[in-house]
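J.: This is the structure, below, for whatever I ask next.
In this note's numbering, the protein residues as written are 1 to 183.
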């Protein structure tokens with residue numbers, strides 16, 4: 001599964017958190033397993049050898065949850081959601097990263113590989129459909145929580161996207177300005 005869909009799924013899982021900061025932390029936790037993808041900077045051989053190994057396991061999950069708990073405002077909830085989104089990433093990778101990309105969950109204690117025969121390719125229709133639905137769900141959050149996935153980038157941009165979606169789908173209008181003009 002691609003990183004954008006991992007981020008969207010993680011952000012959706014964080015919607016019960018009050019503060020943007022905590023939602024960002026939980027979203028980052030859902031992206032954290034792919035830190036081992038930085039091995040690509042050392043060349044293709046390192047990437048093939050260590051991607052889905054170094055951080056796609058229990059050590060990465062514990063480090064990620066610990067950091068998120070330390071930085072979060074609602075520490076326990078953030079830590080638990082961080083563990084959840086981290087493992088959601090692993091589950092999605094097991095399903096949709098393609099054959100040949102097992103996960104070494106117990107590394108460095110064990111090199112046992114986790115995989116299943118039904119893994120679909122990264123560019124599969126299944127991943128495209130999941131990506132479409134997660135994107136739509138992120139935009140639908142504007143209707144209920146008055147925020148979208150765009151909040152990760154900029155609260156101001158998110159306010160504009162949210163305002164536009166609420167106008168379009170809920171028929172909301174902006175309050176008139178002092179000169180009586182609706183903007």
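In this text, a Cβ means the ideal position worked out from N, Cα and C, and glycines have one as well. Computed from a prediction, not measured in an experiment: that's the story for all the values here.
1. Hey, would you say residue 57 sits closer than 8 Å to residue 106, going by beta carbons?
2. Could you tell me which whole alpha helix (DSSP H) segments of length 4 or greater appear in the segment 53-107?
3. How is the alpha helix (DSSP H) around residue 22 delimited, first residue to last?
4. Could you give the residue range of the alpha helix (DSSP H) that holds residue 48?
5. What first and last residue would you give for the alpha helix (DSSP H) that runs through residue 36?
6. Less than 8 Å between C-beta atoms, sequence neighbours within five positions excluded: which residues of the same chain meet that for residue 74?
7. Please report the Cβ distance between residue 134 and residue 9, rounded to the nearest whole angstrom; I am assuming they are in contact, meaning their Cβ atoms lie under 8 Å.
8. Need the endpoints of the alpha helix (DSSP H) that residue 17 sits in, please.
9. Short of 7 Å in beta carbon distance, which residues of its chain neighbour residue 35, apart from the five on each side in sequence? Order them along the chain.
10. Assuming the contact rule is C-beta atoms closer than 8 Å, residue 120 and residue 95 should be a hit. Round their C-beta distance to whole Å, please.
11. Would the beta-carbon of residue 39 fall within 8 Å of that of residue 51?
12. So what does DSSP say about residue 120, is it helix, strand or coil?
13. Measuring CA to CA, which of 85, 149, 126, 32 is closest to residue 1?
14. Would you tell me roughly how many angstroms separate the C-alpha atoms of residue 86 and residue 32, rounded to the nearest one?
T.: Looking at the atomic coordinates:
1. yes
2. 58-71, 75-96
3. 20-31
4. 44-50
5. Element bounds for residue 36: n/a, residue is neither H nor E.
6. 17, 18, 19, 22
7. 6 Å
8. Careful: residue 17 lies outside any alpha helix (DSSP H) and carries neither H nor E.
9. 55
10. 7 Å
11. yes
12. coil
13. 126
14. Just so you know, the alpha carbons of residue 86 and residue 32 end up roughly 7 Å apart.
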